[in-house]
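K.L.:
Last residue of the sequence shown: number 236 in numbering that gives the first Met the number 0, and the count goes up by one each step with no gaps. Even glycine gets a Cβ: it sits at the ideal position worked out from N, Cα and C. Being a predicted model, the structure only gives us computed values, none of them experimental. Supplied in structure tokens, the structure appears directly below.
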Amino acid sequence: MIERDMLKEYAAGFGVTLDTAQLDAFDRYAALLVEWNAKMNLTAITEPQEIVIKHFVDSLSLLSLCPIPQGARLVDVGTGAGFPSVPLKIARPDLHLTLLDSLNKRITFLQELSQSLGQDNECIHARAEEAGRSPVYREKYDMAVSRAVARLYELSEYCLPFVRVEGIFAAYKGNDCDKECAEAGRAVHLLGGELKAVKRLGLPDGSGRAIVLIKKRSQTSTKYPRPHAKIAKNPLV
0 MIERDMLKEY AAGFGVTLDT AQLDAFDRYA ALLVEWNAKM NLTAITEPQE
50 IVIKHFVDSL SLLSLCPIPQ GARLVDVGTG AGFPSVPLKI ARPDLHLTLL
100 DSLNKRITFL QELSQSLGQD NECIHARAEE AGRSPVYREK YDMAVSRAVA
150 RLYELSEYCL PFVRVEGIFA AYKGNDCDKE CAEAGRAVHL LGGELKAVKR
200 LGLPDGSGRA IVLIKKRSQT STKYPRPHAK IAKNPLV
């Protein structure tokens, strides 16, 4: 389905070496994505070359920007069709993933995807603000990641409660995210975080990507995360 040599070359450009078995896994991933997308809305990106660049290579780019500890626990908040975490685990099988999404039919897809790829992922149907208050998940992860479309101050309230002290929240953003980072400053501070870096890179199709890295410096107050309606009505800006 996908051009494996292209994926291998582009991944290598970000310092990620993929073997034949990993390329096979990405090919199965793309095929399942397109198959399930005919039944439900998973992605607007369905052309093989675009899947390679805008989903797979984009997801893998984090590995060139931020060291992830061996055996790290990683939660993908609002994961949708499994991006960026499932590609990260294909490249780094040592990672332990929790895939969190509020839509149950996406969780059904992620369970089948995980089984097909031989990944023992935990697939959780829950709203982020509810799971983030649960002792089972709160401050239990070395890293939270998200490509969800939300402002950084809102994403921070959803994601930072999952991260242990000294862990990292990595938010995939557009290249022009400076204003968004500035307006998220108060939220990040209140939630126990510190903006560590904004890493920018170019994807093979010429588009830009920024990954915002936020370090968890102290425990998140039990006031957060608030219910979705309160987050929307009274953002931490």
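#1: To the nearest angstrom, how far is it from the Cα of residue 50 to the Cα of residue 44?
#2: What do you get for residue 77, buried or exposed, if any count of 16 or more other CB atoms within 10 angstroms of its CB means buried?
#3: Alpha carbon to alpha carbon, how far is residue 142 from residue 7?
#4: Locate the beta strand (DSSP E) running through residue 97, then write down its first and last residues.
#5: According to DSSP, is residue 242 helix, strand or coil?
#6: Could you check whether the Cβ of residue 10 sits closer than 9 Å to any Cβ belonging to chain C?
#7: When the Cα atoms are used, what is the spatial distance from residue 131 to residue 113?
#8: If you follow the alpha helix (DSSP H) that residue 13 is in, where does it begin and where does it stop?
#9: If I'm right that residue 140 touches residue 163 with Cβ under 8 Å, what's the distance once you round it to whole angstroms?
#10: Rank 72, 70, 81, 182 by C-alpha distance to the C-alpha of residue 59 and give the top, closest one.
#11: How many angstroms separate the CA atom of residue 0 from the CA atom of residue 16?
#12: If you scan the region 186 to 217 from start to end, which runs of the alpha helix (DSSP H) of 4 or more residues do you find wholly inside it?
#13: Between the Cα of residue 213 and those of 46, 181, 128, spot the shortest distance and give me the residue it belongs to.
#14: Grab me the residues of residue 9's own chain with a C-beta within less than 6 Å of its C-beta, minus the 5 sequence neighbours each way, in chain order.
#15: In three-state DSSP terms, what is residue 161?
#16: Return the Cβ separation of residue 209 and residue 216 in integer angstroms, given the expectation that the two are a contact with Cβ distance under 8 Å.
#17: What are the uninterrupted segments assigned as beta strand (DSSP E) that are 3 or more residues long and contained completely in the region 114 to 186, given in chain order?
#18: Leaving aside the five residues before and after residue 96 along the sequence, list all residues of the same chain whose C-beta is less than 6 Å from its C-beta, in chain order.
#19: In the DSSP assignment, what residue or residues form a beta bridge with residue 73?
#20: Under three-state DSSP, which class holds residue 49?
#21: Which of helix, strand or coil does DSSP assign to residue 27?
#22: Using three-state DSSP, classify residue 56 as helix, strand or coil.
#23: Using the Cα positions of residue 233 and residue 227, report the straight-line distance between them to the nearest angstrom.
#24: Please return the same chain residues whose Cβ sits closer than 7 Å to the Cβ of residue 174, not counting the five positions on each side in sequence.
#25: Identify, in the order they occur along the chain, each residue of the same chain with its Cβ nearer than 6 Å to the Cβ of residue 14, setting aside the five sequence neighbours on each side.
P.N.:
Judging by the given coordinates:
#1: In the sequence shown, the residue the question calls residue 50 occupies position 51. In the sequence shown, the residue the question calls residue 44 occupies position 45. Residue 50 and residue 44: Cα-Cα distance of roughly 6 Å.
#2: The residue you call residue 77 lines up with position 78 of the sequence shown. So residue 77 ends up on the buried side.
#3: As a first step, residue 142 must be located in the sequence shown, where it is residue number 143. As a first step, residue 7 must be located in the sequence shown, where it is residue number 8. Residue 142 and residue 7: Cα-Cα distance of roughly 26 Å.
#4: The count along the sequence shown starts at 1 and reaches residue 97 at position 98. Its beta strand (DSSP E) spans residues 95 to 100.
#5: What is shown of the chain runs 0 to 236, which leaves residue 242 out entirely.
#6: The chain inventory of the structure shown lacks chain C, comprising one protein chain alone.
#7: Walking along the sequence shown from the start, residue 131 turns up at place 132. Walking along the sequence shown from the start, residue 113 turns up at place 114. About 23 Å.
#8: Position 14 of the sequence shown, counting from 1, holds the residue named residue 13. First-last for residue 13: undefined, no H or E at that position.
#9: In the sequence shown, the residue the question calls residue 140 occupies position 141. In the sequence shown, the residue the question calls residue 163 occupies position 164. Contact holds; Cβ gap of about 6 Å.
#10: In the sequence shown, counting from the first residue as 1, residue 59 sits at position 60. Scanning 72, 70, 81, 182 for the CA closest to the CA of residue 59 turns up 81.
#11: Along the sequence shown, read from residue 1 onward, the residue named residue 0 stands at position 1. Along the sequence shown, read from residue 1 onward, the residue named residue 16 stands at position 17. One C-alpha to the other measures close to 20 Å.
#12: With a minimum length of 4 residues, no continuous alpha helix (DSSP H) run stays inside the region 186 to 217.
#13: The residue labelled residue 213 in the question sits at position 214 within the sequence shown. Measuring from the Cα of residue 213, the nearest candidate turns out to be 181.
#14: For the purposes of this step, residue 9 is taken as the residue at position 10 of the sequence shown. For residue 9, where only same-chain residues beyond five positions count, the Cβ hits under 6 Å are 56, 203.
#15: Here residue 161 refers to the residue found at position 162 of the sequence shown. DSSP, reduced to helix, strand and coil, places residue 161 within a helical segment of the structure shown.
#16: The residue you call residue 209 lines up with position 210 of the sequence shown. The residue you call residue 216 lines up with position 217 of the sequence shown. With 8 Å as the limit, residue 209 and residue 216 do not qualify as a contact, their Cβ atoms being about 21 Å apart.
#17: Segments of the beta strand (DSSP E) lying fully in the region 114 to 186: 121 to 124, 140 to 145, 162 to 172.
#18: Along the sequence shown, read from residue 1 onward, the residue named residue 96 stands at position 97. By the criterion of a C-beta distance shorter than 6 Å, residue 96 is surrounded in its chain by 73, 84, 88, 120, once the five residues flanking it on both sides are discounted.
#19: Taking the sequence shown and counting its residues from 1, one reaches residue 73 at position 74. In the DSSP output, where bridge partners are listed per residue, residue 73 has 96, 142.
#20: As a position in the sequence shown, residue 49 is number 50, starting the count at 1. Three-state DSSP puts residue 49 in a helix.
#21: As a first step, residue 27 must be located in the sequence shown, where it is residue number 28. Helix, per DSSP.
#22: The count along the sequence shown starts at 1 and reaches residue 56 at position 57. Helix.
#23: Taking the first residue of the sequence shown as position 1, residue 233 is located at position 234. Taking the first residue of the sequence shown as position 1, residue 227 is located at position 228. The straight-line gap from Cα to Cα measures roughly 10 Å.
#24: What you label residue 174 is simply residue 175 of the sequence shown in a count that begins at 1. Result list for residue 174: 199, 207, 208, 209, in chain order.
#25: Counted from its first residue, the sequence shown places residue 14 at position 15. Once the five neighbours on either side are set aside, the close Cβ partners of residue 14 are 63.
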